[in-house]
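Student: After the structure tokens below, expect a handful of questions from me.
Number of protein chains: 2
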Amino acid sequence: MSTIGRPRAFDEEAVLDRAAEVFWRHGYEGASLSALTGAMGINRPSLYATFGSKQELFARAFGRYHDRQVSVARAALDRPGTREAIEAFLRSSADGLTAVDDHPAGCLSVQGGLACSPENAHVSEVLATGRADTEAALADRLTRATDLPSGVDPRALARFVMALSEGHAVHAAAGATRAELHASIDVALRVLIPA
Amino acid sequence: MSTIGRPRAFDEEAVLDRAAEVFWRHGYEGASLSALTGAMGINRPSLYATFGSKQELFARAFGRYHDRQVSVARAALDRPGTREAIEAFLRSSADGLTAVDDHPAGCLSVQGGLACSPENAHVSEVLATGRADTEAALADRLTRATDLPSGVDPRALARFVMALSEGHAVHAAAGATRAELHASIDVALRVLIPA
DNA sequence: CACTATTTGTACCGAGCGGTAGAGTGGGGA
DNA sequence: TCCCCACTCTACCGCTCGGTACAAATAGTG
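Protein sequence lines, in the order shown, are assigned to chains A and B.
According to my numbering, the first sequence is numbered sequentially starting from 1.
According to my numbering, the second sequence is numbered sequentially starting from 1001.
Next comes the structure, spelled out in structure tokens:
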């Protein structure tokens, strides 16, 4: 693993996070290469030599984003009580949706590109796979639960929780505040699976 | 209102619906003028003479889509019981999210362009305003309700219902079936505002 | 010190974008 | 009948897109 030749002047994972932020803010098709290279602090040939193409860059950047999101979800779902696990999942997700100084509002998995031109359809699929992945983790947790009210289909419950969270992502993209999202969660929890 | 000169060879509202379908399927930025004119069956100069610009075309097409959506929502919200009104709202929305032969899956208000390049930011705003409009109608209905459980904030409940519906739109865009969406609604209703 | 391997920077490519000019077309009005 | 005028159509505009060729720069290796 010796480093022969001129060394790279940037950190690969750091620039991926910068790229993710641009995709997050403008969507895949709205993120131009100029905007990307500008934010990443590198120029096009470096980008292409390292990542191959815009789509591959997106896949890598989204991969990092998604891994972080899944690990947050897993931490929430590790709670012993199912109701508490769902609440933690929803609240930690909502917190991640609020814009802070170092990332935009909303969720890259949703606003990255729900609908794309035909030649970028793969991007929508990557995002959908990521969301399905998170929902599967949730469904897995709920399927193993022993404290669900009888008659509740754990897969349907997972879909419900995931849909609510994705809806919050849509709201957050439009500027909803953290307090507003948590109030919506309050409503859901107040009556959902009463403890 | 005399018609002097060569008459138009297309119906303005009909081609707006065709345009809406393209925006719906590919998003604002993914919908090229070639795809639009192809689907609308007219050519560029006709499009520009009639609608002015791509953004104005989008605004007009979305306006029609949104009016229909609001009228469906209003019909649901006219039910006397609040729980029934919410259920009808969610179920009729879900039905509109399922792809049928004459329109794509999902919701134009969501997949039209949650995130856009800076020069198209107006599109995201138009969509967000449309969604906020629907939520306001819902909140209005709930604020007037006399049969809500005590302590439930009607605005938060409206946001919750709207978020769930938008989450279903995200699921539908990824191919969720009508049955899956309705199962999620079953979960929500089973425990929400018990009658 | 060359020599080699790799990255960087500039400057560019063809293609497709949104948008338009201008000639041709066809139906109402006098 | 013949003009008028809005509409249609082909062909094109400048621009930006995603992507790349090529030379200068910078490190390890002998």
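We treat Cβ as the ideally placed atom computed from N, Cα and C, and that holds for glycine.
All of these numbers come straight from a predicted model, not from anything done at the bench.
(1) Is the Cβ-Cβ distance between alanine 59(A) and methionine 40(A) less than 8 Å?
(2) Buried or exposed for threonine 1003(B), going by 16 or more other Cβ atoms inside 10 Å?
(3) Less than 8 Å between CB atoms is the rule here; does alanine 195(A) satisfy it with respect to chain B?
(4) For glutamate 1087(B), collect the residues of the same chain with a Cβ closer than 6 Å to its Cβ; drop the 5 residues on either side in sequence, then sort them by chain order.
(5) Return the residue from the list Ala1075(B), Val1187(B), Ala1132(B), Asp1101(B) that minimises the CA-CA distance to glycine 151(A).
(6) Quick one: grab the DSSP three-state call for valine 1126(B).
(7) Output, in chain order, the set of chain B residues within a Cβ distance shorter than 7 Å of aspartate 186(A).
(8) Any contact between the segment 1060-1068 of chain B and the segment 1121-1136 of chain B? By contact I mean 3 or more CB pairs, one from each, below 8 Å.
(9) Looking at C-alpha atoms only, which residue of Ala1169(B), Glu1012(B), Gly1096(B), Asp1140(B) is the closest neighbour of alanine 1078(B)?
(10) Are tyrosine 28(A) and glycine 130(A) touching if we call contact CB-CB under 8 Å?
(11) Below 8 Å on the Cβ atoms is my guess for glutamate 135(A) versus methionine 162(A); work out the distance and round it to an integer in Å.
(12) With 8 Å set as the bound, which would you pick, yes or no: does the beta-carbon of leucine 90(A) sit closer than that to a beta-carbon of chain B?
(13) If the cut is a Cβ gap below 9 Å, which residues of chain B does glutamate 166(A) touch?
(14) Assuming glutamate 1087(B) is part of the alpha helix (DSSP H), what are its boundary residues?
(15) Which residues in the same chain have their Cβ closer than 6 Å to the Cβ of alanine 183(A), if we skip the five residues on either side of it in sequence?
(16) With distances taken from CA atoms, which of Leu47(A), Ala75(A), Gln111(A) is nearest leucine 138(A)?
(17) Does alanine 9(A) pass the burial test, meaning 16 or more other C-beta atoms within 10 Å, or should it be called exposed?
(18) Going by CA-CA distance only, name the one from Gly81(A), Thr50(A), Leu36(A), Ala94(A) that's closest to alanine 145(A).
(19) Round the Cβ separation of alanine 1094(B) and histidine 1168(B) to the nearest angstrom and send it over; I've been treating them as touching at under 8 Å.
(20) For arginine 25(A), which residues from the same chain have a beta carbon less than 6 Å from its beta carbon, with the 5 sequence-adjacent residues on both sides left out?
(21) For arginine 79(A), would you say it is in contact with chain B, using Cβ-to-Cβ distances shorter than 8 Å as the test?
(22) Classify valine 100(A) as helix, strand or coil using the three-state DSSP reduction.
(23) Who are the near neighbours of threonine 1050(B) in its chain, counting only those whose CB is closer than 7 Å to its CB and skipping five residues on each side?
(24) Give every residue of the same chain whose Cβ lies closer than 8 Å to the Cβ of aspartate 1133(B), excluding the five residues on either side of it in the sequence, and list them in chain order.
(25) Run the CB neighbour count on glutamate 166(A), radius 10 Å, all protein chains shown included, and call it buried at 16 or more, exposed below.
(26) Starting from arginine 6(A), trace the alpha helix (DSSP H) both ways and give me its first and last residue.
(27) Keeping to the same chain, check which residues put their C-beta closer than 8 Å to that of leucine 148(A); ignore five residues upstream and five downstream.
(28) So for alanine 1169(B), helix, strand or coil by DSSP?
(29) Using a 10 Å radius around the Cβ and a threshold of 16 neighbouring Cβ atoms, would you call valine 15(A) buried or exposed?
(30) Would you say aspartate 1095(B) lies against chain A (beta-carbon separation less than 8 Å)?
(31) Does DSSP put serine 150(A) in a helix, in a strand, or in coil?
(32) In chain B, which residues lie less than 9 Å from phenylalanine 160(A) when you measure between Cβ atoms?
(33) Would you say histidine 103(A) reaches chain B, if we count a Cβ-Cβ gap shorter than 8 Å as a contact?
(34) Got a sec? Which residues, its chain only, sit under 7 Å from valine 1170(B) by beta carbon, not counting five neighbours each side?
(35) So, using beta-carbon positions, are leucine 1057(B) and arginine 1044(B) closer together than 8 Å?
Tutor: Walking through what the data contain:
(1) no
(2) exposed
(3) With a pLDDT of 47 at alanine 195(A), under the threshold of 50, the predicted position of this residue should be treated as unreliable, and no value is reported.
(4) Cβ neighbours of glutamate 1087(B) beyond the five flanking positions: Leu1189.
(5) Val1187(B)
(6) Correct three-state label for valine 1126(B): helix.
(7) By Cβ distance, chain B contributes Ala1156.
(8) With a cut-off of 8 Å, the segment 1121-1136 of chain B and the segment 1060-1068 of chain B count as touching, because enough Cβ pairs lie within range.
(9) Checking the displayed sequence, the identity of residue 1078(B) turns out to be aspartate instead of alanine. It is Asp1140(B).
(10) no
(11) Yes, they are in contact, since the Cβ atoms of glutamate 135(A) and methionine 162(A) sit about 4 Å apart, within 8 Å.
(12) no
(13) Against glutamate 166(A), the close residues of chain B are Ala1163, Glu1166, Gly1167, His1168, Ala1169, Val1170, His1171, in the order they occur along the chain (beta-carbon pairs closer than 9 Å).
(14) 1082-1097
(15) Answer for alanine 183(A): no residue qualifies.
(16) Ala75(A)
(17) exposed
(18) For alanine 145(A), the nearest C-alpha among the options comes from Gly81(A).
(19) 6 Å
(20) Pro104
(21) False, the Cβ-Cβ gap to chain B never drops below 8 Å.
(22) strand
(23) Glu1012
(24) So the qualifying residues of the chain are His1066, Val1070.
(25) Around the beta carbon of glutamate 166(A), 16 or more other beta carbons sit within 10 angstroms, so the residue counts as buried.
(26) Note, arginine 6(A): premise wrong, no alpha helix (DSSP H); not H, not E.
(27) Thr82, Leu142, Pro154, Leu157, Ile193
(28) In the three-state DSSP reduction, alanine 1169(B) falls in the helix class (H, G or I).
(29) buried
(30) no
(31) coil
(32) Leu1164, Gly1167, Ala1183, Ser1184, Ile1185, Asp1186, Val1187, Ala1188
(33) no
(34) Val1110
(35) no
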